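Working notes for the structure below.
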Amino acid sequence: MTLSPSQATTETRERLRGIVGGANVSLSDLDRLTYSHDNAPILNLSANEGRVGPLPDVIVWPANVAAVVQIVRLANETRTPIVPYGAGSGVCGGAAPLRGGIILDMKRMKQIVDLDEESLTVTAGAGILGQLLESELNRRGYTMGHFPSSIYSSTLGGYLAARSAGQLSAKYGKIEDMVMGLEAVLGTGELLRTPSAPRRPPGPDWNQILVGSEGVLGIITEATCRVRPNPESRRFLSFMFPTIETGVEAMRLLMRHELRPAAMRLYDELDTAIVGNSSKEGESRESILNFIPLSQFGDLLASIVPGGALPAAIKRVGRFLGQRADLINTLDRFAKGCLLVLTFEGDEELTREEADMATLICEKVGGRDKGPDPAMRWWKNRYHVSYLQSKVFYHGAIVDTIEFACTWRRVAQLYHAVRDSVRELAFIMAHFSHAYLDGCSIYFTFITSAANIDKTEAAHRAVWDAAVGACHRVGATLSHHHGIGFTKARFMPDEHGAAMQLFQAFKKEMDPNGILNPGKMGLA
Amino acid sequence: MLKHFHKEIEYCTYCPKLCRFSCPVGNASGNETYTPWGRQTLLHMVNEGTVAWDREVANAVYKCTTCMLCREYCDHEIEVPPVMLAARTEATKQKIQPQEAVEFLNFFKEQRNPYGDDLAARLRTILPSSSFNPEAQVVYFPGCANMYNFAQTIKNTFRLFEAMDVNYVACYAADVPCCGVPLYDLGYMAEFKQNADRLAVSLAKAKVIITGCPSCAWSLKVRLPEVGVQLTERIYHITEFLAPLLEEGKLPIRRPFSRKLIYHDPCYLGRYLGVYDQPRKLLNEVCREPLAEFSWNQRHAYCCGAGGGLATTNPPMVREIATERLREVYDGEKKALVTACPTCLRTFQKADEKLDILDVVDVLARCI
Amino acid sequence: MTTQSAARRAINVELLNRLRDVVGGKRVSRSELEGVAYSRDMQTASVLETRNGHVARRPDFVVWPESTEEVSRILRLCNEVRMPVTPFGGGTGLDGDAAPDCGGVVLDMKRMNRLERISELSCIGVCQPGIIGAHLEHDLNRQGYTLGHFPGSLGSSTLGGWLSTRGAGMAATTYGKIEDMVVSLQVVLADGAVLHTRTAPRRATGPDFNHLFIGSEGALGVITRAHMRIHLLPEARYFRGLAFKTLEEGLTALRLILRAGMKPSFLRLADEADVATNLKALGVNVSGCLLALVFDGRPTQVDLYGRKALEICRQNGGRDHGEEPARVWCEHRYAEFYRQSPVFEEAGGVLEHLEAAAVWRDAAAVHRAVREATPGDVELLANVPHAYPEGCGFLFTMVGKADNGDAAAFVEKTRNAALAAARGAGAVVSRSHGAAKGRGKTAADPAREILLGVKKRLDPNQILNPGAFAVDPEKPC
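Protein chains in written order, with this note's numbering: chain A, 1 to 524; chain B, 525 to 892; chain C, 893 to 1369.
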């Protein structure tokens, strides 16, 4: 395979080897190919087609912050871009080296430096994989409470840089709630440390400037985060609501009355039909899955979409479904309502009290108690959905997720506006999660396809343009936890308006030579 | 200056302005200077010699309605109005009081009342001569604000007396029509004393004085003794007089009052005289609907804005304060406003012409 | 009285007319007298100056805007002529942030003082920045809500002030610190541009720029509207007072309560001195340290919390004193702030505050270190007003008499010593100290340099609260 050669000069290569040791510098084409993309669907699609995007020139694995500082200094001198890289699970192309340069793989900086059991804090290197950190904490009797669906393949530094939120964020908080202090190397090569204390020092909050900056302002090298004791008890509840609106109302009321479920997700009709709502494991009546088990859903798609060639899958499916109106009606028959799954965890008595109160509230709004099973099934399979991605790509379609957030007042409006805007363009389903006192997030999954990759990319872009247009018209935010990267960079001016100049001001101060992760987030 | 008030001045100067939110002038003006803390700090600076005791500082001490709400939020129970009033006395001595105060005094001197009107004669057109008796021992003192603005309330008062078989109250002839409060409030202590001496003669025979105005009650009861004039000790506001009679069943109610009412505690009736229950008892007895309350009520009732001479020195600010107070009247169901002070009444009327507003006496009179 | 350069005077005449064009004649003041009230906040040094009859730098103008548009036009004007602008809320801050070090325009925000509306669905209150806390809380309560922010200065400080100093109140354990309550802000920049951060419960669209303005003391922009999270008033409230022999025992009990997942709403862990002074004055008679716990919430919830918390306290040496100590303190929680006046009124008397926060591992040591650093003739009171699973905050109050009337030296000696001791023991100090506005000359600090750089970009003429982010704190103007 011939790839464009690395642009790293001899001098740079030597200096890098001098900083981290020869074994921790790679110029291999194989590595360069691997590190050319993260998990952005559009990049996966390209990779699927054998298309290769911009490649990095060199990959480096620093072991400590001193090395990072030296590398940043080198990059400044030579004006070489640096892209910090955790495990590349981001879905927006945030870790893609658009302008070549150095990929800084942080995963050697993975030590757990300190676990303060009295203060319930853990300090760890930014390169530690989420699940490994969580497992070690669990072993000692604690949890970070941060469970993004990418936990097996993402790092602490990635969480912070991408401003992530896990599935249990309603109880444990989002990453910015968890972080107390952090250490970062700025684009200038200077080291910034924020103190770990329950209260910030005077002045603006540097944690909040760096968290969510996706590597464009600084490279996070270490962080101190809050942890909690492992919960002694966990309760599962599920309710079926007749409509989206009643389900959303239940969520809103639970938060309004200061309940803090660990997880809370409401699936829309279609999503519910697919996920299933039977009260007993294996009971084969109410789920489309029991006619078409989920694991074979991809195969169903495959039977409609012949592999190898790339027909306009959605048109085919659409035509197919149009001819098979009975199938649509079947779907309708399965659309028996919206499923809400809830979990509470913590102290046994406190959890029970919360669960009882939640049941009261849900039933008052019209929810039918489906017992713990659907919720337990979701819990057991909560990472499972990510595995389905492969099937879709295998069949030449693209699956992507959109996650907007808005205040309760606008949630119903947002849901309908987004679905309407993409109705002609893609097959879309949604669930509501990450609820707050003032609103929640809507997580849309869409699948689209077209005759060839360029057209698929265009279709994908069209869906995003339509959806974000609807989002901004409603007044919602364009990303709840996936971030911006480069795939959504074009929406940043609209998202921030005049506030964008703040971001630009920080960028110019913290990275005057523009070497950190260039081409991202709508910055110049 | 004001050595007598050294503690008050100093305490307020060093305080983190804990009463700040309660000052009507502070809230209406938004100006730090016209807050208890701000004014006291200025007096402190005057004492330190940093700031000259001049017209501008004097102006500042006139920007207080004397409502006493600040005391309610002071753990030291500091009373700021007496300091302000004492400072105003100093100001008039040095002739640095506001021009409006100077003009007011000239105007007052014409007829010895704030209205430039022959109020005694006016009173004679309101009540029949049988209501007057110079030998009477129980005297109704209408107050100049009632005489000028609310003839009907005076009439209603006597209708109530008649209905209750109270035939021993005579109306004061009002030869000294004003209790002197406007003079006191503006710092004209010499003139206040002159007026007080005249009142002493005019009210010498009265063993019980009932007034239609809380400021008059306070003035006759507390301020006159400050300048050495002691009238009878038994001085009451009309609601204090009527309430016990109501309890004795003397009020013949023929029909209830049907409109929903909200009651405003006048500052001088509430925080000064301590009268909160009596007006409420009277109203609850005759009203069909339960009496509505302001959320700032009783001891925490907000001011109408017109006290402390502010109506003379700064009418626009009075209007702003009154408008703020009236906001809750418009919330929720339609209500009429009832109060027990002619100054509050007139001030609210001027702030909102369309406002439905009554005196407690007027409400009672419609029910007999 | 104030020395003004000829150039400044010339600007002022012209500027006066232009300001009048924006707000009318009544909402601009050039009065030197009115400038007295606006020359200071509650920083101890300035209280002492006032005591000595000294008035610090007065503003050239005081302006009272009533709308965002007016604020925008005023800033644009001032930017053109490089006139400093200092936003002013209640003027009750302890760091000199609201004092117009460089004269110029003081922008008194208190005529922008409305709770504009409440979204019941979204539990959001849309507020103007100049609303005094007691009014805001009152207006919210009337509709069944609370903001849950109770600083000691509730009666005199404003929402804008809390935001720009990043304040925490007495119920922060449950309701959060002020930065946790903000959904979005509308801010006017130095050139008059108006920006809004997006009103959404949570965003992953880059840094959170609310946090640039929160805590920056008006030096980066003037906040003109805030969307704040509000909560339903609690149905039930539980009170309990627990006495402990030592502060360490109290800290342990508190730590375990939070670790178990319970959050008091109001709380105060008072050390012996605090109990013997402030609490005794309220009629609470307890020996040793006192933990006053208040839980807000559902009746079933607070009962449960109360029972569990009581058990934890008992297991750690706590003696149950029933409801009363906590109830009495909670109902009179502003009483101790009245103490300031009598202290300063006495010749030579000085009262100082220091706020510090530490993780649990360091908490007891921080308290000990401050105690040890405080001279014997200075009264030191300490309490914990808010706590978290990871640590707690302390409020230290120091009262004493200055020798030879040199009160400033007294402050330097006691407060600086306490501050250094607290930091040495691992605390983060929320109230800083030092030359000009409590910023102090710190060693090369990349964060500070970057902020100065950002400030220069956003405010190239350095008009917004120039003393707060001065390149040279000794010469801010």
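Glycine included, C-beta positions come from ideal geometry on N, C-alpha and C.
None of the values given here were measured: they were computed from a predicted structure.
Query raised in the report: Does Met608/B have its Cβ less than 8 Å from a Cβ in chain C?
Result: Mapped onto the second sequence, residue 608/B falls at position 84. Not closer than 8 Å to any Cβ of chain C, the Cβ of Met608/B fails to qualify, so no.
Query raised in the report: Listing by chain order, which chain C residues have their CB less than 9 Å from the CB of Ile484/A?
Result: Translated into the one-based positions of the first sequence, residue 484/A becomes position 484. Residues of chain C passing the Cβ test: Ala1096, Thr1097 and Gly1098.
Requested in this report: Thinking Thr756/B and Lys784/B are a contact (beta carbons under 8 Å), I'd like their distance in whole angstroms, please.
Outcome: Numbered from its first residue, the second sequence carries residue 756/B at position 232. Numbered from its first residue, the second sequence carries residue 784/B at position 260. Not really, about 39 Å apart at Cβ, beyond 8 Å.
Query raised in the report: In angstroms, rounded to a whole number, what distance separates the CA positions of Ala162/A and Lys174/A?
Result: Numbered from its first residue, the first sequence carries residue 162/A at position 162. Numbered from its first residue, the first sequence carries residue 174/A at position 174. Straight-line spacing of the CA atoms in Ala162/A and Lys174/A works out to 11 Å.
Report task. Could you work out which residue in Gly945/C, Phe953/C and Glu924/C is closest to Ile903/C when comparing CA atoms only? Result -> Position 11 of the third sequence, counted from the first residue, corresponds to residue 903/C. Selected option, being the one with the closest Cα: Phe953/C.
Query raised in the report: If you draw a straight line from the C-alpha of Phe320/A to the C-alpha of Thr448/A, how long is it?
Result: Translated into the one-based positions of the first sequence, residue 320/A becomes position 320. Translated into the one-based positions of the first sequence, residue 448/A becomes position 448. With a pLDDT of 48 at Phe320/A, under the threshold of 50, the predicted position of this residue should be treated as unreliable, and no value is reported.
Requested in this report: Under 8 Å by Cβ, that's how I've got Ala864/B and Asp883/B pegged, so tell me the actual separation to the nearest angstrom.
Outcome: As a working mapping, residue 864/B is identified with position 340 in the second sequence. As a working mapping, residue 883/B is identified with position 359 in the second sequence. Right, their Cβ atoms sit about 6 Å apart.
Query raised in the report: Where do the N-terminal and C-terminal ends of the beta strand (DSSP E) with Gly562/B fall, by residue?
Result: Mapped onto the second sequence, residue 562/B falls at position 38. Segment Pro560 to Glu572 is the alpha helix (DSSP H) holding Gly562/B; no beta strand (DSSP E) there.
Report task. Take the Cβ of Met525/B as the centre, count every other Cβ of all protein chains shown within 10 Å, and call the residue buried at 16 or more, exposed below. Result -> Numbered from its first residue, the second sequence carries residue 525/B at position 1. Within a 10 Å sphere around the beta-carbon of Met525/B sit fewer than 16 other beta-carbons, which makes this residue exposed.
Query - Presumed contact (8 Å Cβ cut-off) between Arg1094/C and Tyr436/A, rounded CB distance - result: Within the third sequence, residue 1094/C is the residue found at index 202, counting from 1. Within the first sequence, residue 436/A is the residue found at index 436, counting from 1. Indeed they touch by this definition, with Cβ atoms about 7 Å apart.
Query raised in the report: Looking at chain B, which residues of the segment 1000 to 1017 of chain C have a Cβ within less than 8 Å of any of its Cβ atoms?
Result: Asp1000, Lys1002, Arg1003 and Asn1005
Query raised in the report: Are the segment 602 to 613 of chain B and the segment 560 to 576 of chain B touching by the rule of at least three beta carbon pairs closer than 8 Å?
Result: yes
Report task. Note the first and the last residue of the continuous alpha helix (DSSP H) segment covering Lys717/B. Result -> Taking the second sequence and counting its residues from 1, the one referred to as residue 717/B is at position 193. Where Lys717/B is concerned, the enclosing alpha helix (DSSP H) stretches over Met713 to Ser726.
Query raised in the report: In chain C, which residues lie less than 9 Å from Tyr597/B when you measure between Cβ atoms?
Result: Counting from one through the second sequence, the residue named residue 597/B turns up at place 73. In chain order: Ala1026, Gly1047 and Tyr1226.
Report task. Could you pull out every unbroken alpha helix (DSSP H) segment of at least 4 residues lying fully inside the segment 163 to 239 of chain A, listed in chain order? Result -> 169 to 172, 175 to 178 and 206 to 210
**Report entry** Opening and closing residue of the beta strand (DSSP E) in which Met429/A lies
**Finding:** Stepping through the first sequence from its first residue, residue 429/A is reached at position 429. It spans Phe427 to Ser433 - the beta strand (DSSP E) in which Met429/A sits, taken as one unbroken run.
**Report entry** Within-8 Å CB hit, Tyr1130/C to chain A
**Finding:** Numbered from 1 along the third sequence, position 238 holds the residue referred to as residue 1130/C. Taking Cβ atoms only, chain A never reaches closer than 8 Å to Tyr1130/C, which makes this a no.
Query raised in the report: Considering only residues of the same chain and omitting the five flanking positions on each side of Thr1066/C, which have a CB-CB separation below 6 Å?
Result: The residue given as residue 1066/C occupies position 174 in the third sequence. So the list reads Lys1155 and Ser1157, once near-sequence residues are dropped.
Query raised in the report: Hey, out of Pro81/A, Gly212/A, Leu30/A and Gly88/A, whose CA is closest to Ile484/A's CA?
Result: Residue 484/A sits at position 484 when you count from the first residue of the first sequence. The shortest Cα separation from Ile484/A among Pro81/A, Gly212/A, Leu30/A and Gly88/A belongs to Gly212/A.
Query raised in the report: Buried or exposed: where does Gly773/B fall if 16 or more other Cβ atoms within 10 Å of its Cβ makes it buried?
Result: Along the second sequence, read from residue 1 onward, the residue named residue 773/B stands at position 249. A residue is called buried when at least 16 other Cβ atoms come within 10 angstroms of its Cβ; Gly773/B does not meet this threshold and is exposed.
**Report entry** Val1186/C versus Tyr1037/C: straight-line alpha-carbon distance, rounded
**Finding:** The residue given as residue 1186/C occupies position 294 in the third sequence. The residue given as residue 1037/C occupies position 145 in the third sequence. Between Val1186/C and Tyr1037/C, the C-alpha separation is close to 18 Å.
Report task. Using three-state DSSP, classify Glu1008/C as helix, strand or coil. Result -> Walking along the third sequence from the start, residue 1008/C turns up at place 116. Looking at Glu1008/C - three-state DSSP - the assignment turns out to be strand.
Query raised in the report: At what residue ranges does the segment 10 to 70 of chain A contain a whole run of the alpha helix (DSSP H), taking only runs of 4 or more?
Result: Fully contained in the segment 10 to 70 of chain A are the following alpha helix (DSSP H) runs of length 4 or more, in chain order: 10 to 20, 29 to 34 and 41 to 48.
Query raised in the report: So what does DSSP say about Arg265/A, is it helix, strand or coil?
Result: Counting from one through the first sequence, the residue named residue 265/A turns up at place 265. Strand, per DSSP.
Query raised in the report: Grouping DSSP H, G and I as helix and E and B as strand, with all else coil, what is Arg1132/C?
Result: Taking the third sequence and counting its residues from 1, the one referred to as residue 1132/C is at position 240. Three-state result, Arg1132/C: strand.
Query raised in the report: Which whole-angstrom value is the C-beta distance of Thr351/A and Ser233/A, which I expect to be below 8 Å?
Result: Along the first sequence, read from residue 1 onward, the residue named residue 351/A stands at position 351. Along the first sequence, read from residue 1 onward, the residue named residue 233/A stands at position 233. Confirmed, about 5 Å.
Query raised in the report: According to a CB-to-CB cut-off of less than 7 Å, which residues of the segment 407 to 429 of chain A neighbour chain C?
Result: Thr407, Trp408 and Arg409
Query raised in the report: Taking just the CA atoms, how far does Ala1165/C sit from Asp801/B?
Result: Numbered from its first residue, the second sequence carries residue 801/B at position 277. Numbered from its first residue, the third sequence carries residue 1165/C at position 273. C-alpha separation (whole angstroms): 43 Å.
Query raised in the report: In chain A, what lies closer than 8 Å to Pro1156/C by C-beta?
Result: What you label residue 1156/C is simply residue 264 of the third sequence in a count that begins at 1. Those do not exist, as Pro1156/C stays about 14 Å from chain A at its closest Cβ, beyond 8 Å.
Requested in this report: Please look up how many angstroms separate the CB atoms of Leu593/B and Tyr826/B, rounded, as I've assumed it's under 8 Å.
Outcome: Locating residue 593/B in the second sequence gives position 69, where the first residue counts as 1. Locating residue 826/B in the second sequence gives position 302, where the first residue counts as 1. Right, the Cβ-Cβ distance comes to about 7 Å (below 8 Å), so this counts as a contact.
Requested in this report: Could you check what DSSP says for Ile678/B in three-state terms: helix, strand or coil?
Outcome: The residue given as residue 678/B occupies position 154 in the second sequence. Under the three-state reduction of DSSP, Ile678/B is assigned to helix.
Requested in this report: Indicate whether the contact test is met: 3 or more Cβ pairs, each with one atom in the segment 1351 to 1360 of chain C and one in the segment 1106 to 1119 of chain C, closer than 8 Å.
Outcome: yes
Query - Reduced DSSP secondary structure (H/G/I, E/B, other) of Asp1000/C - result: Sequence index remark: in the third sequence, residue 1000/C carries index 108 (1-based). Strand.
Query raised in the report: Any Cβ of chain B within less than 8 Å of the Cβ of Met1290/C?
Result: Within the third sequence, residue 1290/C is the residue found at index 398, counting from 1. Answer no: the Cβ-Cβ gap between Met1290/C and chain B never drops below 8 Å.
**Report entry** At least three beta-carbon pairs within less than 8 Å, the segment 1127 to 1143 of chain C to the segment 1168 to 1180 of chain C
**Finding:** yes
**Report entry** CA nearest to the CA of Gly366/A, picked from Thr246/A, Pro202/A and Cys471/A
**Finding:** As a position in the first sequence, residue 366/A is number 366, starting the count at 1. Nearest C-alpha to Gly366/A: Thr246/A.
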